[in-house]
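Residue numbers (the working numbering), protein chains in the order written: chain Z, 1 to 331; chain H, 1001 to 1289; chain Y, 2001 to 2386.
For every residue, glycine included, the Cβ atom is placed at its ideal position computed from N, Cα and C.
Heads up, the thing below is written out as structure tokens.
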């Protein structure tokens, strides 16, 4: 029985990329810049709060996108967000390590764990890989719950100090937003640049047709391991920032449900597009707030939109022609 | 502490729980075998089965056994319908199918939440009293479940081995292309496989409803156990599911009786990851093509 | 004629706008789903009843103005991160200055940095001792917790019932861990130290291994402390299935109706519980009937406390003459003594234990469950029972 990869619906026709891709049009960059700067003018603290969450989500989901391009799906992405958060928080609050170093530690820890886990399990394809990542995610959550003397267990850790760059504490919303926005834009720029490099092309090739890629000399496992490590590292850095912004972390913040939310954002936004994480985060993040009175309706909406997108617009909203022209992508 | 009492009771608890897990897992592995979809909504069908039984017994006053049957039939029909309407485009498409079932599960759980509310409801037990073997105590309510599970498993076995539809399903599990070249209609095999799989989950839910409680959130834990069982035993392998569920039930019971609950859980996970790393297709699974 | 009508109309219009009510928004962050939902709903309904009471009189009168009270409730699912998001929304978007909740200890600890910093008064159910303190002047707790009741209750159990060996089951979260600490101390102080303590994950439903371990130690009674009602019911049910013949003791949080619902009256015959109210008191009965009529559920045991608590908050606002200056409202609230609530004479206490008098002090009762109903066996205060 033929097994399809996630690319079945996504990208049947791309062969080699032409040497000179048209690149992302200037208009798109301008629009992005405008979007990024706009929240600085918001007067409501709540909307800036939403903007911050959207930016952090963009960053985290971009990490997931990296892995998905290679044809694997991770159901433990939130666990890596959690590793980044817990390691950096514990380093800073218990060991007195300053913020930047603690942030680096958190990111490295997430990447390292991903590297180790990936080395062991990436030879499994498709469903098996997903199931193990799910198991790992739960294992992480249980570990954080149980190691209460270190992690605070179910109480979590509160009063996390704000992020500080060069001695300036980013403890107002707008100040923090600047950092979050910079990272979000950087992740998009990174995706754009990366997928034009030979390594990026190799990753795409692996996702499209692993057999063909392998026989052309690209190591499927190495590419996937690279994507998993870097993508999970991004998740870790996202976790570092999230913990500083919210000021509080607990094992529940990094559960399978959060991983599923990330997947929904990516799929709805568009797995193959650099704008996918942006669109997905933009649409899905504010929704819980709008729906907050009617949580069930919100979740039903999530579920239904996921199924509809998969069915009718499998490449996500980013594949709509108006958006494709904006980003200059051939999806 | 009386070690022999603890050990004996733990083993007995473990066997009982293991058979319950088997029931939960069998439907999951069937769906995967036929459709190559890891049905992340499986737990929600378990929950639906529990609610149907709950309503039948407490609101319509039907006898318990009949209620379980009703749960089976209704879920069978629902599963058939859902497969045709929603899952058809994803037949054979592993990852997209999986993601689609994530969405399906969310919808089912939240519809149940809207209709029934979040509070856990309680059902009267199927049987009261205990059976004592020496110092070991076995609640009749759980033995009831064990007996019924055994009946269901035998019925399933007979269906798969000796009925035309059942043999067709097995052929499809073996190899879809060859099966269709023999004239087995995939258009019937898929909905049947899915419907049967989720209906089995519903039976498990209906059987467990009086033992634990009924709420829209009860689907998560069985889903999780089903994963562990099928992954340990080998996706698509029913014999593997039997072996793995008993192993899981007993290790869990021994673990939480002699250590504490969470340590046991974590050890199980670590064990699963280890087994998969060493033997990716599970204990009795077949190699993937 | 027309001119007069116009003038009259104009005057009426003016009168209308002058009487146009402002709305006083009271926020609520509660566990409305998942474990603890019964308590969260009890709190929500209580706040709503209190709001209905004042609205029926035309509004809450504060500083010469009448305010229509609106309760804005969000579900935190007993999870800290959800509570954080809800509180952010309440404070920055809905712009409330008063919050009823949270239900759970972990959510309460998580949101306090934000509510204290923004001077938002909260009335919480959280059982943890860490929720109260001199550094948290805007937090109040209108219910008695295990800290207040455990000592007298355990002493009574030991003296009057003669029970010596008790095993306890605790949820492995903040509430459970705190209660474990307190109950261990209370039982030791009473001379009957806990023979066994088992922790379990909040979502667990299969209790057999844990009960097996307790029974292996030969306990005469199982301490259910503050475990959520349905889980407690499951434990009772499964313990009986395993042949446990002893009593159940509940040293935390009212849950009898729900436990009887899950486990059946026979299973919990003889259970010792504490209640904050006398079920035969006419005021309580009236409240319970009102509750049942409107929401078609038996009244949750925490509800009367929050009904009184919300009314006390309203009284404090009226006394302070402001709804916006929470420092003044806080001071007024603290100064309330002997408030005649449906729970009886209510004051604040807690200075010695927590460093601040924001813990409610009401009499309570020890009851035994007989045929599914609580029968009072002793009257208690924080000093002791008789």
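Since residue i contacts residue j with CB under 8 Å, what's their CB separation in whole angstroms?
i: residue 2067(Y); j: residue 2022(Y); result: 5 Å
i: residue 242(Z); j: residue 65(Z); result: About 18 Å; that fails the 8 Å criterion.
i: residue 52(Z); j: residue 173(Z); result: 7 Å
i: residue 2303(Y); j: residue 2046(Y); result: 4 Å
i: residue 238(Z); j: residue 81(Z); result: 6 Å
i: residue 2030(Y); j: residue 2093(Y); result: Contact flag wrong, Cβ pair sits at about 18 Å.
Check residue i in the structure and name its three-state DSSP category.
i: residue 2140(Y); result: strand
i: residue 2322(Y); result: coil
i: residue 1036(H); result: coil
i: residue 2123(Y); result: strand
i: residue 1182(H); result: coil
i: residue 76(Z); result: coil
i: residue 2055(Y); result: helix
i: residue 2078(Y); result: coil
i: residue 2160(Y); result: helix
i: residue 2374(Y); result: strand
i: residue 1063(H); result: coil
i: residue 2061(Y); result: strand
i: residue 2296(Y); result: coil
i: residue 205(Z); result: helix
i: residue 1158(H); result: helix
i: residue 2364(Y); result: strand
i: residue 2241(Y); result: helix
i: residue 2357(Y); result: coil
Is it buried or exposed for residue i, if we count other Cβ within 10 angstroms and need 16 for buried?
i: residue 2086(Y); result: buried
i: residue 2316(Y); result: buried
i: residue 2350(Y); result: buried
i: residue 2118(Y); result: exposed
i: residue 1239(H); result: exposed
i: residue 2348(Y); result: buried
i: residue 2352(Y); result: exposed
i: residue 1032(H); result: buried
i: residue 79(Z); result: buried
i: residue 2097(Y); result: buried
i: residue 1059(H); result: exposed
i: residue 129(Z); result: buried
i: residue 1205(H); result: buried
i: residue 1057(H); result: buried
i: residue 1281(H); result: buried
i: residue 146(Z); result: buried
Leaving aside the five residues before and after residue i along the sequence, list all residues of the same chain whose C-beta is less than 6 Å from its C-beta, in chain order.
i: residue 1137(H); result: 1130
i: residue 74(Z); result: 67, 133
i: residue 1148(H); result: 1207
i: residue 1949(Y); result: Here chain Y covers residues 2001 to 2386 and nothing more, so residue 1949(Y) does not appear.
i: residue 236(Z); result: 80, 83, 84, 106, 107, 110
Please list, in chain order, all residues of the same chain as residue i whose beta carbon is under 8 Å from its beta carbon, the five residues on each side excluded.
i: residue 2345(Y); result: 2338, 2339, 2362, 2363
i: residue 2048(Y); result: 2071
i: residue 124(Z); result: 132
i: residue 202(Z); result: 213, 218, 223
i: residue 2220(Y); result: 2163, 2164, 2165, 2166, 2246, 2247
Whose C-beta lies closer than 7 Å to the C-beta of residue i among residues of the same chain, with five residues either side of it excluded?
i: residue 1127(H); result: 1140, 1141, 1144
i: residue 264(Z); result: 284, 302, 306
i: residue 2146(Y); result: 2127, 2179, 2182, 2183, 2225, 2226, 2251, 2252
i: residue 2186(Y); result: 2150, 2151, 2154
i: residue 2106(Y); result: 2080, 2173, 2174
i: residue 2367(Y); result: 2273, 2275, 2374, 2375, 2376, 2377
i: residue 2230(Y); result: 2258, 2262
i: residue 1259(H); result: none
Suppose only complete runs of 4+ residues qualify. What are the alpha helix (DSSP H) ranges in the stretch 2166-2234 of chain Y, listed by chain order?
2174-2189, 2208-2216
Segments assigned alpha helix (DSSP H), at least 4 residues, entirely inside the stretch 217-273 of chain Z:
220-246, 256-269
Within the stretch 1068-1123 of chain H, ranges of the alpha helix (DSSP H) (whole runs, at least 4 residues):
1094-1116
Return the chain-ordered ranges of every alpha helix (DSSP H) run that is complete within the stretch 42-96 of chain Z and spans a minimum of 4 residues.
45-68, 77-95
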